[in-house]
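The structure appears below as structure tokens.
Right, here's the structure in full:
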């Protein structure tokens, strides 16, 4: 199976402009940009054929090339990472079997999350994404973000067969008591697609749910394409994306705790 990992990155983030170039200090005191740490996370995944950074910004492209990444330039018309991945796919000489979208703001993504996702692409599944059951620390961060008016991570609600019902920036289901919370699943910002599914996605218009939530994967659900949720184990590692400036401290704490340079 040939697997290509795309890391879409844009400078003009609405919530955090320039965040791919934000520096994060690791366990040894070394500073690396967010995009480099995301690229290093992709490099740690086994079974991957190629890794590319996708961007429309020369500042990000130059920084990525400086640490050794292959870069594909995409247009500024891409509204989200999936559309940017479709543009990247169009630049390849041959279709891979699977395209992985590893979002550039998720440097704490463990390799085994992506490897489980690749394993779920069985020739029938068109699109898949990992979910991890919220631990107490992550759930507390989720609830704190919403109470303080910040849009943070994403939760997933699934059917019994693990196909997605919905994804939201709200904490779903409702958490009324952090001491006795319901089961909440944190959506991990990684996607696997077949090339055909990714091309179909790029041809659909943005729907009202995607527009309201700002979640690109909802376009699949709005157009009747099932999304397979792949439960993964955190193995003691706290997973968190860099969505807001407050997340820098959260991520650096994990880097130091895990001994990630």
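In the numbering used here, the protein residues as written are 69 to 329.
The beta-carbon is built from N, C-alpha and C at its ideal position, and this holds for glycine as well.
Q: Ignoring anything shorter than 4 residues or poking outside the segment 87-175, list the alpha helix (DSSP H) runs there in chain order.
A: 102-111, 126-134 and 149-158
Q) Should residue 107 be labelled buried (16 or more other beta-carbon atoms within 10 Å of its own) or exposed? A) buried
Q. Which residues mark the beginning and the end of the alpha helix (DSSP H) in which residue 263 is found?
A. 263-271
Q | Sheet register partners of residue 223 (DSSP bridge) | A | 236 and 254
**Q.** Beta-ladder partner(s) of residue 259, from DSSP
**A.** 169
Q) Going by Cα to Cα distance, which pick from 131, 302 and 122 is closest to residue 144? A) 122
Q | Residues that DSSP places opposite residue 288 in a beta bridge | A | According to DSSP, which records beta bridges pairwise, residue 288 is partnered with nothing at all.
Q) Pick from 184, 163, 79 and 133: whose alpha carbon is nearest that of residue 114? A) 184
Q | Option in 264, 72 and 308 with minimal Cα separation from residue 192 | A | 264
Q: Can you have a look at residue 228 and say buried or exposed, based on whether 16 or more other CB atoms are within 10 angstroms of its CB?
A: exposed
Q. Can you tell me whether DSSP reads residue 181 as helix, strand or coil?
A. helix
**Q.** Neighbourhood of residue 290 by C-beta distance below 6 Å, restricted to the same chain and skipping five residues each side
**A.** 275 and 277
(Q) Using 8 Å as the threshold, is the C-beta distance between residue 103 and residue 128 below it? (A) yes
(Q) Rounded to whole angstroms, what is the Cα-Cα separation between residue 164 and residue 186? (A) 12 Å
Q. When burial is assigned at 16 or more other CB atoms within 10 Å of the CB, is residue 261 buried or exposed?
A. buried
Q) So does the segment 284-299 actually touch the segment 203-212, counting three or more Cβ pairs closer than 8 Å? A) no
(Q) So residue 152 and residue 76 are supposed to be a Cβ contact under 8 Å. How far apart are they, rounded? (A) 4 Å
Q | Close-in-space but distant-in-sequence residues of the same chain around residue 199 (CB under 8 Å, 5 per side omitted) | A | 224, 226, 253, 254, 255, 256, 297, 298, 299 and 300
Q. In its own chain, which residues sit with a C-beta less than 7 Å from the C-beta of residue 287, not counting the 5 before and 5 after it?
A. 269, 272, 274, 275 and 278
Q) So, using beta-carbon positions, are residue 131 and residue 92 closer together than 8 Å? A) no
Q: Note down the Cα distance separating residue 334 from residue 94, rounded to an integer number of angstroms.
A: What the structure shows of the chain is the stretch from 69 to 329, and residue 334 is not part of that stretch, so it cannot be assessed.
Q: Report all residues from its chain with a CB closer than 7 Å to the CB of residue 156; omit the five preceding and five following residues, and keep chain order.
A: 74, 120, 122, 140 and 142
Q. Thinking just about the alpha-carbon of each residue, which of 259, 101 and 210 is nearest to the one in residue 244?
A. 210
Q: Could you name the residues of the same chain whose beta carbon sits closer than 7 Å to that of residue 319, not counting the 5 residues immediately before and after it, in chain order?
A: 92, 175, 176, 308 and 310
(Q) Measuring straight from C-alpha to C-alpha, what distance separates residue 218 and residue 86? (A) 18 Å
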